[in-house]
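Colleague: Going by our numbering, the first residue of the sequence shown is number 585, and it counts up by one from there.
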Amino acid sequence: MKIILFGHGKTGKKIEEIGLGRGHQFPLIVTSSNSEEITTEELSVADVAIDFSSPGTIISNINRCFEADLPTVIGTTGWHDKYEEIKQTALSDNKTLFFASNFSIGANIMFSINEKLAAMMNNQLDYNVEMNEVHHIHKKDHPSGTAITIANGVTDNLKRKKSWTLEENGNAEELMIHSRREGDVKGIHGVKYTSSVDTLELIHNVSDRAAFALGSVIAAEWVAGKKGVFGMKDLLD
Numbered sequence: 585m586k587i588i589l590f591g592h593g594k595t596g597k598k599i600e601e602i603g604l605g606r607g608h609q610f611p612l613i614v615t616s617s618n619s620e621e622i623t624t625e626e627l628s629v630a631d632v633a634i635d636f637s638s639p640g641t642i643i644s645n646i647n648r649c650f651e652a653d654l655p656t657v658i659g660t661t662g663w664h665d666k667y668e669e670i671k672q673t674a675l676s677d678n679k680t681l682f683f684a685s686n687f688s689i690g691a692n693i694m695f696s697i698n699e700k701l702a703a704m705m706n707n708q709l710d711y712n713v714e715m716n717e718v719h720h721i722h723k724k725d726h727p728s729g730t731a732i733t734i735a736n737g738v739t740d741n742l743k744r745k746k747s748w749t750l751e752e753n754g755n756a757e758e759l760m761i762h763s764r765r766e767g768d769v770k771g772i773h774g775v776k777y778t779s780s781v782d783t784l785e786l787i788h789n790v791s792d793r794a795a796f797a798l799g800s801v802i803a804a805e806w807v808a809g810k811k812g813v814f815g816m817k818d819l820l821d
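Shown next, in the form of structure tokens:
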């Protein structure tokens, strides 16, 4: 399979390494140094694109892939406010979009457990819930896309929490997210329920960026040749 890769940072290099190891080709790697020179014809030769670029370039990259009718796997976060618009464009124009805020298999299992746990806590009023997320100092979006996915899993299922916040003095209906940027942390996400007598904590800790890279390559293999909008739940199901 021929893969166009947008972004060649630490995760992008892992994607290339894993993709080559699985027998795929990378005829074009798009970075800030050559992005303006890439043509629709060059994109059209591939079977799928994988994007781990930056929030500032992601919308342009998606539109270019749509123009080339190239299925696109997106791991870039920080563009959540544009997702519904892009999703509707993909559906109305018969394009292919696969988006995940986190491509780690373990993280996506956590998403499912998190939703079920939040629903179970509706009858446990003594428990207060809060979140923690830590990433490396170069991560630009704040909180992370993964943290937002987890937070939405809580607020969609726990009736006493209506929204999330980064503010320390939020109201009782807001889910507090403690968001930190430290060193080269790949990604730590936790949901903690605390009562007067005990604490229950759900944590996912990424030790290697290969977790994201492998998941994105598997997604590219799965989505090639399909039409529509997909995510990790579709792949895992």
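The beta-carbon is built from N, C-alpha and C at its ideal position, and this holds for glycine as well.
With distances taken between CB atoms, is the gap from Tyr711 to Ser779 smaller than 8 angstroms?
Modeller: Against a cut-off of 8 angstroms, the Cβ pair of Ser779 and Tyr711 comes out as a contact.
Colleague: What does a CB cutoff of less than 6 angstroms around Phe682 pick up in its chain, not counting 5 residues either side in sequence?
Modeller: Val657, Ala803, Val807 and Phe814, listed in sequence order.
Colleague: Between which residues of its own chain and Gly771 is the CB-CB distance below 6 angstroms, once the five residues before and five after are set aside?
Modeller: For Gly771, where only same-chain residues beyond five positions count, the Cβ hits under 6 angstroms are His719 and Val790.
Colleague: With distances taken Cα to Cα, identify the nearest neighbour of Glu785 among Ile721, Met705, Met816 and Ile732.
Modeller: Residue Met705 is the option with its Cα nearest to Glu785.
Colleague: Can you tell me whether Gly812 is helix, strand or coil according to DSSP?
Modeller: Gly812 falls in the strand class under three-state DSSP.
Colleague: Classify Val801 as buried or exposed, calling it buried when 16 or more other Cβ atoms lie within 10 Å of its own Cβ.
Modeller: Looking at its Cβ environment, which holds 16 or more other Cβ atoms inside 10 Å, Val801 is buried.
Colleague: Looking at the structure shown, is Phe687 part of a helix, part of a strand, or coil, going by DSSP?
Modeller: Phe687 falls in the coil class under three-state DSSP.
Colleague: Can you give me the Cβ contacts of Lys594 inside the same chain, cut-off strictly under 6 angstroms, excluding the 5 residues immediately before and after it?
Modeller: Result list for Lys594: Arg793, in chain order.
Colleague: Within this structure, are the beta carbons of Glu766 and Ile697 separated by less than 8 angstroms?
Modeller: Cβ distance not < 8 angstroms, so Glu766 and Ile697 don't count as in contact.
Colleague: Which value, in whole angstroms, describes the spacing of the CA atoms of Pro727 and Asn716?
Modeller: Each residue's Cα considered, the two are about 10 angstroms apart.
Colleague: Residues in the same chain with beta-carbon distance under 6 angstroms from Ala633, minus the five sequence neighbours each way, listed in chain order, please.
Modeller: Excluding sequence neighbours, Ala633 sits near Ile588, Cys649, Leu654 and Thr656.
Colleague: Pull up the distance between the alpha-carbon of Glu676 and that of Leu627, whole angstroms please.
Modeller: One point to set straight first is that residue 676 is Ser, not Glu, in the sequence displayed. In a straight line, the C-alpha of Ser676 is about 21 angstroms away from that of Leu627.
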